[in-house]
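See below for the structure under consideration.
Chains as they are written, first to last, in our numbering: chain A, 1 to 597; chain B, 1 to 597.
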């Protein structure tokens, strides 16, 4: 299957259009202003007397990529002026030989390509992605020209001269960006370079003992032998995305099987119910199977975005509904929790439980970096997640419709339109709050198969369902198909090996994982979840819409002693739940996703 | 109440006599040999060309203290020779002015008493305790003379000249040691010095920002305002012990109330079911109330020993059964788990759950110090716990009987004898495996009240029980009292605020907390505990005796997916449990104390 361009697939209203408005009016502007204040923007001027950082370029590149998508749908003079200046600074400071990195070329010109953890190729990759986006959506080819020259220089150093101190980049990204350059330009130079970097893995090149372990940066084995998710979660997923590109563009069936193993390892053993991955604070890393503690969860926002992008690639590669289904889970929960409802504050770490007590107690302690923060903040020292959200939110429409030979697949539900040779579509869907979908399709007189993904949370059965899809065949001339997936409040049970939540359940509504905050729930610490028959769900449509679930239930009363030979007594209470993505938007509060049953 | 000397109270057989044999034949020798190998012993020679460490002296001092108790009950030529050399090195290297610290006086003579974290007073305190023990039990006054001279020098510097860089020691110990010196010698110099150090707390002296926070080392408030347990657990408890000495020796009722608050805070909010305290790996510290994670438990062995010593003081101070009851809990579980059954290997950190997967996965990671080890080891770099066990195990008989005016209290049950003016006692008790106790008492023709503590785990009621004791009055002329406290397998429920074990239970047998190891339990990961009616307990008496509990129960079968809308299916299994203190004695294994109900 293939995706559609953002010029073809567009949002018209509803949940995601609202998030795009917040992105345009708040996130993209605020991220720029914070980057300006912290020196990231001015660093691009490559003057020797200012602070720089080895991966700041990637932060700005992601912002530029997001701006490209945004300006294509909605011009904004201020943002365009910022964009112009940043792009101009980048292209005018590119070295004669093609190299660009505002940190290394100014501060450490003699250290270029000598440090695996220098993130130079990671920055280059994000600049290449920005180059493709600005070329495709703004017809601005300055960054594309820049990228071509830079990629040629990288080829010279890594393949022709082989005079670099490493060949597998410490942080993946360039691999997937090179595939994108190849698809955009058709030039096989980028394909060769992408394959070079991918095939270097596992060649047991010398890795400095002071560097991270080979497993941490996925250099421990050839890509075809990497069947379990290991190491730093964002790095791992960026690699898997590039491997999926390779499998797709080369029609490589055995590599596809490897990728299915990786995906299975992640979703069956190493992901939170929110789709969050990389549970370990110790290195932003995948831990061992079933090690998914709720408070100590790491779950970097970028890792959730990377998983969503991997789901998209796997969906294109296989057409199997599970990938779009998991995209839905991780985006509504693991990605969206990374930003405040008003779009100007961000989480990097996304715990599934908050204890203000523990965080504040630890504030003066030895390892503050191992604890989550209680409130989103405007910028981080390592601020990769905010601009990743900028570009991801703009790309949402491209994950809704997927095309293939005489086949149109609707993967996600939203108020959206598609204009394409395959078909024109107008969809109305108040997802995720309402399961009703109305889709009008015009297949331009050609017979097609229309596939609507049936979400895994849907309890209904349909006469025309098969392999996770509702199937419709025929020549569509604008007639409307109506479906109601009818989301309900449901309990979710964890795998019994997830020790940290054994005996607990969480509650979901359609694709939304719900959570409870102490500001709504005085008995949050010991509230239990029983029967759902008395539960109700209230939805207040607005900007933003608000979903609240109320569940008459019980809580365990504090006992007189810390340990007792008798069960605690219980008392009645009402558990109030909100979507997990909306937590921490009303001040500091304790929060829980998992409750004893 | 008062305790009896180890010359009056003695073990004759059974559980604790066996542990004392292991201590004499294995622990004390092995600890010495490891200390010799690592340089701790030779450091006492105070030669400039060898490695030293700022608190090594305290390690050897604790060993000497243990040796004093041991040699008083059982001579051993090899141990005595080691003892002689160590004591000789210490006293002969004491400076003219009285100071002694093998690290500072050789390596940093210009830094004496300039660093709060230098542990000089901590080392001095342990040497003072060794001095009292060797004087009392071996009639060897060399260390006592040394200690008197050193204490006089400390008084000169801290009280007269006030020329030290700090007044509240970074690590408490000297306070309780000074009380011990005072009681042993009757010299009020030591009482004044102890009170000085105690009363300096909370005076807001300047604390270097690079030092630990005032709360961490209990310098944040005057002792009478410290009503919740804060900071480093061992330091805190050593302080509370000295405060209890002060309350007892000064008859200070208001300080007694403060100490009761502290004890309540610990046992009602901040201790594991094993009696372990200091749950946080972040600074070996008390965390916030109810933060008691089983795998990430810190629970230093020394902290358990310190809590047992605090229980003893509080029991002497108040006569209330709860303190002896908690002594029983922490000693049989939190202390004993610190050493292997054969006595030559040790845990410093005592988790209530082991996951080999997690530990091995983390081995290459960033913060290995935040994870437990899977097997006890022979020595640590910071090896405070092993010699603390040496001296504590020798002191066990002194915690069994407590005397007061015409009142004898039996606090703990063991095969033991007491010879005292108050009464002579011969006790037979196969604790902790059997609850039958036979006590023959001769009160030398005087009427006394005999109080037998009724353990809190005992389900029986007795006609003569009051406030946790069975009371017997009269003139005892050797008649035997028989009681059966009848331990049974019982479920223990945690306070509902202990998030990490919500919905779980643990199993106990009498005072013993039980655990299950994966080597006995193939379904350990998901085993549940239900009804106990089919459970059985097998005890094999021997060296050591072995208790095994078998519980027909169920485990949850691994589910097809990581998260599911339906409950996992269950299957039958038998859960095999052993005492928690005996875990990790048969090789590496996963272990659990808490099970979903």
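All C-beta atoms, glycine included, are put in the ideal place defined by N, C-alpha and C.
Just tell me which of the options has its CA closest to the CA of residue i.
{"i": "residue 474 (chain B)", "options": "B:450, B:497 and B:462", "result": "B:450"}
{"i": "residue 557 (chain A)", "options": "A:573, A:547 and A:544", "result": "A:573"}
{"i": "residue 300 (chain B)", "options": "B:311, B:324, B:280 and B:153", "result": "B:280"}
{"i": "residue 348 (chain B)", "options": "B:305, B:226, B:102 and B:242", "result": "B:305"}
{"i": "residue 307 (chain A)", "options": "A:488, A:78, A:242 and A:4", "result": "A:242"}
{"i": "residue 469 (chain B)", "options": "B:476, B:485 and B:480", "result": "B:485"}
{"i": "residue 134 (chain A)", "options": "A:217, A:69, A:198 and A:504", "result": "A:69"}
{"i": "residue 393 (chain A)", "options": "A:405, A:41, A:309 and A:225", "result": "A:309"}
{"i": "residue 177 (chain B)", "options": "B:157, B:62 and B:389", "result": "B:62"}
{"i": "residue 160 (chain B)", "options": "B:193, B:487 and B:198", "result": "B:193"}
{"i": "residue 340 (chain B)", "options": "B:6, B:586 and B:71", "result": "B:586"}
If we define contact as Cβ-Cβ less than 7 Å, is residue i a contact residue for chain B?
{"i": "residue 76 (chain A)", "result": "no"}
{"i": "residue 348 (chain A)", "result": "no"}
{"i": "residue 313 (chain A)", "result": "no"}
{"i": "residue 493 (chain A)", "result": "yes"}
{"i": "residue 559 (chain A)", "result": "yes"}
{"i": "residue 358 (chain A)", "result": "yes"}
Provide the residue(s) that pair with residue i in DSSP beta bridges, ordered along the chain.
{"i": "residue 271 (chain A)", "result": "A:277"}
{"i": "residue 654 (chain A)", "result": "Nothing about residue 654 (chain A) can be reported from this structure: the residues present for chain A run from 1 to 597 only."}
{"i": "residue 557 (chain B)", "result": "In DSSP, residue 557 (chain B) forms no bridge with anything."}
{"i": "residue 190 (chain B)", "result": "According to DSSP, which records beta bridges pairwise, residue 190 (chain B) is partnered with nothing at all."}
{"i": "residue 1 (chain B)", "result": "Per DSSP, none; premise fails for residue 1 (chain B)."}
{"i": "residue 605 (chain A)", "result": "Only positions 1 to 597 of chain A appear in the structure, and residue 605 (chain A) is not among them; the question remains open."}
{"i": "residue 579 (chain B)", "result": "B:514"}
Considering only residues of the same chain and omitting the five flanking positions on each side of residue i, which have a CB-CB separation below 7 Å?
{"i": "residue 588 (chain B)", "result": "356, 374 and 375"}
{"i": "residue 433 (chain B)", "result": "539, 545 and 547"}
{"i": "residue 292 (chain B)", "result": "272, 279, 498 and 500"}
{"i": "residue 592 (chain A)", "result": "353, 515, 516 and 524"}
{"i": "residue 407 (chain B)", "result": "448, 449 and 451"}
{"i": "residue 298 (chain B)", "result": "278, 279, 280, 281, 284 and 349"}
{"i": "residue 399 (chain A)", "result": "312, 327, 411 and 412"}
{"i": "residue 260 (chain A)", "result": "none"}
Does any C-beta atom of chain A lie closer than 7 Å to the C-beta of residue i?
{"i": "residue 503 (chain B)", "result": "yes"}
{"i": "residue 526 (chain B)", "result": "yes"}
{"i": "residue 564 (chain B)", "result": "yes"}
{"i": "residue 31 (chain B)", "result": "no"}
{"i": "residue 291 (chain B)", "result": "yes"}
{"i": "residue 596 (chain B)", "result": "yes"}
{"i": "residue 490 (chain B)", "result": "yes"}
{"i": "residue 268 (chain B)", "result": "yes"}
Which same chain residues, not among the five before or five after residue i, have their C-beta less than 6 Å away from its C-beta?
{"i": "residue 202 (chain A)", "result": "221 and 222"}
{"i": "residue 153 (chain A)", "result": "97, 98 and 99"}
{"i": "residue 437 (chain B)", "result": "413, 429 and 483"}
{"i": "residue 172 (chain A)", "result": "235, 238 and 239"}
{"i": "residue 561 (chain A)", "result": "none"}
{"i": "residue 54 (chain A)", "result": "103, 118 and 119"}
{"i": "residue 386 (chain B)", "result": "31 and 346"}
{"i": "residue 403 (chain A)", "result": "2 and 422"}
{"i": "residue 380 (chain A)", "result": "348"}
{"i": "residue 480 (chain A)", "result": "438 and 440"}
Beta-carbon within less than 8 Å of residue i's beta-carbon, same chain only, minus the 5 sequence neighbours each way: which residues are those?
{"i": "residue 583 (chain B)", "result": "337, 354, 515, 517, 589 and 591"}
{"i": "residue 91 (chain A)", "result": "142, 143, 145 and 146"}
{"i": "residue 529 (chain A)", "result": "491, 505, 507, 551, 553, 575, 595, 596 and 597"}
Which residues in chain D have a C-beta closer than 7 Å to the C-beta of residue i? List them in chain order.
{"i": "residue 361 (chain B)", "result": "Given the protein chain composition of this structure (A and B), no chain D is represented."}
Residue ranges of each alpha helix (DSSP H) run of no fewer than 4 residues wholly in the stretch 433–509 of chain B, ordered along the chain?
Complete alpha helix (DSSP H) runs here, min 4: none at all.
Which parts of the stretch 286–340 of chain B are runs of the alpha helix (DSSP H), unbroken and 4 residues or longer, counting only runs that do not cross its ends?
Unbroken alpha helix (DSSP H) runs of no fewer than 4 residues, entirely contained in the stretch 286–340 of chain B, are found at 301–318 and 321–329, following chain order.
Threshold first: 4 residues or longer. Then list the alpha helix (DSSP H) segments lying entirely within the stretch 359–425 of chain B, N to C.
Taking only runs of at least 4 residues, the alpha helix (DSSP H) segments lying wholly in the stretch 359–425 of chain B are 385–395.
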